[in-house]
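J.:
There are 2 protein chains.
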Amino acid sequence: MILRDAFLRVRRFDDFQARLGIARRVLHERLAGLVEAGVLEKVPYQERPLRHEYRLTQKGLDLYPVILSLVHWGDTHYAGEDGPPVRFRHKSCGHTVEPVLTCSCCQETLRPREVQPEFSEALKLALKTA
Amino acid sequence: MILRDAFLRVRRFDDFQARLGIARRVLHERLAGLVEAGVLEKVPYQERPLRHEYRLTQKGLDLYPVILSLVHWGDTHYAGEDGPPVRFRHKSCGHTVEPVLTCSCCQETLRPREVQPEFSEALKLALKTA
DNA sequence: CCATATAAGTTCATTTTTAAGACTGATAAA
DNA sequence: TTTATCAGTCTTAAAAATGAACTTATATGG
Chain A
2 MILRDAFLRV RRFDDFQARL GIARRVLHER LAGLVEAGVL EKVPYQERPL RHEYRLTQKG
62 LDLYPVILSL VHWGDTHYAG EDGPPVRFRH KSCGHTVEPV LTCSCCQETL RPREVQPEFS
122 EALKLALKTA
Chain B
2 MILRDAFLRV RRFDDFQARL GIARRVLHER LAGLVEAGVL EKVPYQERPL RHEYRLTQKG
62 LDLYPVILSL VHWGDTHYAG EDGPPVRFRH KSCGHTVEPV LTCSCCQETL RPREVQPEFS
122 EALKLALKTA
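Given below as structure tokens:
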């Protein structure tokens, strides 16, 4: 949820806090964890007094498909009669976004049954000994 | 992680338990929660003794883009030198899948900066009063 | 018949997390 | 001078997770 909000352009501690209603301590731990994981970075936006904001790194931006498809899933299955709380407009085509996961090589929609998982030898070994 | 495994065709309690090393109690709670949420369903596969497996419902299958893009993110940023533990082969084109999130209307790759979030009036109100 | 195995839990004691809310410190604005 | 803003930090109580053993129903092998 912190990350979802980060993609909604939320960047500052108190803004996250107000939006999520999460305990400040927990928010602090989460943000610190995300910074340590390299998903967010603290960028100062003023000195005197020193203040910084949390911005997505490239690694964080790479999570965009995850977040957007999760939000879309939530909108599909949980939106009330008024529709979803946030809609996303695709600037290039002007429409409300409906995200679809496709295969980069053939552009087809990816469906679970058309995708065959193949386990690495290392993983097979690890599962056997456990 | 339970759901990731479900998409890897894991369906039975003890298989989840062995793969995840999670406490049985917690696994039970999670599975029950997912069933209650309508993401999984219990399907008996034998009687005497009664045994059942957990299968993804349509709602659960709809989470495929979320899981697949999350796994892909993990593979990109955390895979060791041996490559990712599981590779996904797209049956229709034969290649290892590299998932891309696209806009259903224009087929373009969705990037955070090309997508404009628009808040519903209801949400704006809710944020103001809080 | 008896011991062991399997699947799917359940129970218990102990450790970890989380939550809610008050408090701090630096600075700016009224 | 009082109040507000931002980014935390502290404390205590409640909730959740952990690991290991225990249960129930049935099947299998000797």
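Here the protein sequences line up with chains A and B, keeping their order. For the first sequence, my numbering assigns the number 2 to the initial residue and increments by one for each residue that follows. For the second sequence, my numbering assigns the number 2 to the initial residue and increments by one for each residue that follows. All C-beta atoms in this analysis are idealised placements derived from N, C-alpha and C, irrespective of residue type, glycine included.
Select from A:R10, A:I23, A:L71 and A:A123 the residue whose C-alpha is nearest the C-alpha of L118 (chain B).
T.: The sequence as given places Pro at residue 118 (chain B); Leu does not occur at that position. Measuring from the Cα of P118 (chain B), the nearest candidate turns out to be A:R10.
J.: Starting from V36 (chain B), trace the alpha helix (DSSP H) in both directions and tell me its first and last residue.
T.: Element bounds for V36 (chain B): R25 to E37.
J.: List the residues of chain B that E99 (chain A) touches, going by C-beta distances under 9 Å, in chain order.
T.: Within 9 Å Cβ-Cβ: C104, S105 and C106.
J.: Can you list, in chain order, the residues of its chain whose CB lies under 6 Å from that of A131 (chain A), leaving out five sequence neighbours each side?
T.: Note that A131 (chain A) has pLDDT 49, beneath the 50 cutoff, so the model's placement of it is unreliable and no number is given.
J.: So, helix, strand or coil for F8 (chain A), using DSSP?
T.: Here F8 (chain A) sits in helix by DSSP.
J.: Using alpha carbons as the reference points, say which of B:G22, B:L51 and B:L64 lies closest to A7 (chain B).
T.: Answer by Cα proximity: B:L64.
J.: With DSSP as the reference, identify every bridge partner of Q117 (chain B), one or two as the case may be.
T.: According to DSSP, Q117 (chain B) bridges with A:R90.
J.: Whose C-beta lies closer than 8 Å to the C-beta of H91 (chain A) among residues of the same chain, with five residues either side of it excluded?
T.: Cβ neighbours of H91 (chain A) beyond the five flanking positions: T97 and V98.
J.: For T77 (chain B) and chain A, any beta-carbon pair shorter than 8 Å?
T.: Yes, because at least one Cβ of chain A sits closer than 8 Å to the Cβ of T77 (chain B).
J.: Identify whether A131 (chain B) lies in helix, strand or coil by the three-state DSSP scheme.
T.: Any answer about A131 (chain B) is weak, because its pLDDT of 48 lies below 50 and its placement is not dependable; what the coordinates show is given next. Note: A131 (chain B) maps to coil in three-state DSSP.
J.: So the beta strand (DSSP E) V44 (chain A) belongs to, where does it begin and stop?
T.: L41 to Q47 is the extent of the beta strand (DSSP E) around V44 (chain A).
J.: Express the C-alpha separation of R88 (chain A) and V116 (chain B) in angstroms, rounding to a whole number.
T.: Distance between the alpha carbons of V116 (chain B) and R88 (chain A) is about 10 Å.
J.: Distance cutoff 8 Å, beta carbons only. Does A123 (chain A) sit that close to anything in chain B?
T.: It does; some Cβ of chain B falls within 8 Å.
J.: Strictly under 8 Å for the Cβ-Cβ distance: is L1 (chain A) near chain B by that measure?
T.: Here chain A comprises residues numbered 2 to 131, so residue 1 (chain A) is not present and cannot be evaluated.
J.: In this structure, does DSSP put H96 (chain B) in helix, strand or coil?
T.: Looking at H96 (chain B) - three-state DSSP - the assignment turns out to be coil, as it is neither helix nor strand.
J.: Evaluate Y55 (chain B) with the Cβ neighbour count: other Cβ atoms within 10 Å of its Cβ, from every protein chain shown; 16 or more gives buried, anything less gives exposed.
T.: Looking at its Cβ environment, which holds 16 or more other Cβ atoms inside 10 Å, Y55 (chain B) is buried.
J.: Give the range of the beta strand (DSSP E) segment to which R52 (chain A) is assigned.
T.: That run of the beta strand (DSSP E) goes R52 to L57.
J.: Just curious, the alpha helix (DSSP H) that A19 (chain A) is in, first and last residue?
T.: F14 to L21 is the span of the alpha helix (DSSP H), which, as asked, contains A19 (chain A).
J.: Taking Cβ positions only, does H132 (chain A) come closer than 8 Å to chain B?
T.: There is simply no residue 132 (chain A) to check, as chain A begins at 2 and stops at 131 in what is shown.
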